[in-house]
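Undergrad:
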Amino acid sequence: MLTLILCAILLAPPCIQALDLPAYRGDLEEFDNLLHLPSGEGPDRMVLGDNNGRIHIYEARDGGSYTEVWVSEYLEGSVSGVFVVDINNDELDEIVAYTDQGRIYYLDIMDYTLIWSNSPNEYRRITSLTIGDIDDDEQPELVFCADGRLIVYDGRDQYEQWRSDQTDLTAHQILIGDVDGDGEDEIVLNDGYIFDARFFDLEWQSPEPFGERMGLLDLDEDQILEVIGEFQGRYLRIFDIDLRREKSLSR
Numbered sequence: 008m009l010t011l012i013l014c015a016i017l018l019a020p021p022c023i024q025a026l027d028l029p030a031y032r033g034d035l036e037e038f039d040n041l042l043h044l045p046s047g048e049g050p051d052r053m054v055l056g057d058n059n060g061r062i063h064i065y066e067a068r069d070g071g072s073y074t075e076v077w078v079s080e081y082l083e084g085s086v087s088g089v090f091v092v093d094i095n096n097d098e099l100d101e102i103v104a105y106t107d108q109g110r111i112y113y114l115d116i117m118d119y120t121l122i123w124s125n126s127p128n129e130y131r132r133i134t135s136l137t138i139g140d141i142d143d144d145e146q147p148e149l150v151f152c153a154d155g156r157l158i159v160y161d162g163r164d165q166y167e168q169w170r171s172d173q174t175d176l177t178a179h180q181i182l183i184g185d186v187d188g189d190g191e192d193e194i195v196l197n198d199g200y201i202f203d204a205r206f207f208d209l210e211w212q213s214p215e216p217f218g219e220r221m222g223l224l225d226l227d228e229d230q231i232l233e234v235i236g237e238f239q240g241r242y243l244r245i246f247d248i249d250l251r252r253e254k255s256l257s258r
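100 is the number that the working numbering gives to position 93 of the sequence shown; each next residue is one higher, with no gaps.
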């Protein structure tokens, strides 16, 4: 009888099997070129910008799959970033996309028609772009690195407000936040430059970059955001901008 009981235990399937564990499919929220659109009463939609210079719209279908319902014409360069934001203060969101060859596009969020694009020869190359109201005028600005300069561009009226004197800026990520505790936002470039977001003064040039990817978070309860930089896709370093140095978290 004991032998039969032991055999039954050994042959019984385990309570927890590897197949029961959830499969990790990646975090699509981290992608710069893939965003969910406001769905309203319709199906869930996503916008995707691809390496071949096209914008795609996908709609959700039963079973968790998506199908393509629209694709743009060629947008002159690889799509480097996509945003969903009210860029022209009409109280409606638009799709904003930019390419590595210096083009910026606004698309209608419902029928995907082209609302505006900058001229083909305005910039040769854009390496990074973000959107935010940096001067408290209640309308968004485009903040980007183009042809080695930091550019601030009026999002509603589509004109260049300011460009940096520096001509060697090649940042691949730009963040906006108060990183030195002065009550005013700064423009943070991942290649180590810190600019005042209101008057555009260069506040600090770090002797080393802040990583390939950055985030802002107060890690020491001093009410000042630190820059968290990711290097080589995995290694994190912390930078104290108000003290102008790399931060040690050891106590």
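Beta carbons: idealized from backbone N, C-alpha and C, even for Gly.
Starting from His63, follow its DSSP beta bridges and name the residues at the other end.
TA: Taking the sequence shown and counting its residues from 1, the one referred to as residue 63 is at position 56. Bridge partners of His63: Leu55 and Val78.
Undergrad: Determine the direct distance from the alpha carbon of Gln165 to that of Ser126, and round the result to whole angstroms.
TA: In the sequence shown, counting from the first residue as 1, residue 126 sits at position 119. In the sequence shown, counting from the first residue as 1, residue 165 sits at position 158. The straight-line gap from Cα to Cα measures roughly 11 Å.
Undergrad: Counting C-beta neighbours from all protein chains within 10 Å, is the total for Val186 16 or more, i.e. buried, or is it exposed?
TA: One-based indexing of the sequence shown puts residue 186 at position 179. So Val186 counts as buried.
Undergrad: Can you name, in chain order, every residue of its own chain whose Cβ lies under 7 Å from the Cβ of Gln180, other than the five neighbours on each side?
TA: The sequence position of residue 180 within the sequence shown is 173, counting from 1. Closer than 7 Å at Cβ, skipping near neighbours: Ser135, Asn197, Arg220 and Met221.
Undergrad: Which residues in the same chain have their Cβ closer than 6 Å to the Cβ of Cys152, if we skip the five residues on either side of it in sequence?
TA: Sequence index remark: in the sequence shown, residue 152 carries index 145 (1-based). Around Cys152: Thr134, Ser135, Leu176 and Ala178.
Undergrad: Can you have a look at Arg52 and say buried or exposed, based on whether 16 or more other CB atoms are within 10 angstroms of its CB?
TA: As a working mapping, residue 52 is identified with position 45 in the sequence shown. Arg52 is buried by the Cβ-count criterion.
Undergrad: Kindly say whether Thr134, judged by its beta-carbon, lies nearer than 8 Å to any beta-carbon of chain E.
TA: You won't find chain E in this structure, because it holds only one protein chain.
Undergrad: Am I right that Gln168 and Asn96 are in contact with their C-beta atoms under 8 Å? What's the rounded C-beta distance?
TA: By one-based count along the sequence shown, residue 168 stands at place 161. By one-based count along the sequence shown, residue 96 stands at place 89. Not a contact, Cβ separation roughly 15 Å.
Undergrad: Look at Val91 and Ile138 and say whether their C-beta atoms are less than 8 Å apart.
TA: Within the sequence shown, numbered from 1, the residue matching residue 91 stands at position 84. Within the sequence shown, numbered from 1, the residue matching residue 138 stands at position 131. No, the pair does not count as a contact, with Cβ atoms beyond the cut-off.
Undergrad: What separation, rounded to the nearest whole angstrom, lies between the Cα atoms of Ser1 and Gly60?
TA: The question about residue 1 has no answer, for the chain in this structure spans 8 to 258.
Undergrad: With DSSP as the reference, identify every bridge partner of Phe207, one or two as the case may be.
TA: As a first step, residue 207 is located in the sequence shown; it is residue number 200 there, counting from the start. According to DSSP, Phe207 bridges with nothing at all.
Undergrad: Roughly how many angstroms separate the alpha carbons of Leu149 and Tyr31, rounded to a whole number?
TA: By 1-based counting over the sequence shown, the position of residue 149 is 142. By 1-based counting over the sequence shown, the position of residue 31 is 24. Each residue's Cα considered, the two are about 34 Å apart.
Undergrad: With a threshold of 7 Å on Cβ separation, who are the neighbours of Arg132 within its own chain once the five nearest residues in sequence on each side are excluded?
TA: Numbered from 1 along the sequence shown, position 125 holds the residue referred to as residue 132. Correct list, in chain order: Asp107, Gln108, Gly109, Ala153 and Asp154.
Undergrad: Within 10 angstroms of its Cβ, does Leu256 collect 16 or more other Cβ (buried), or is it exposed?
TA: Working through the sequence shown from its first residue, we reach residue 256 at position 249. Leu256 comes out exposed.
Undergrad: Along the beta strand (DSSP E) that carries Ala6, what are the first and last residues, could you check?
TA: Examination of residue 6 is not possible in this model, given that the chain is present from 8 through 258 alone.
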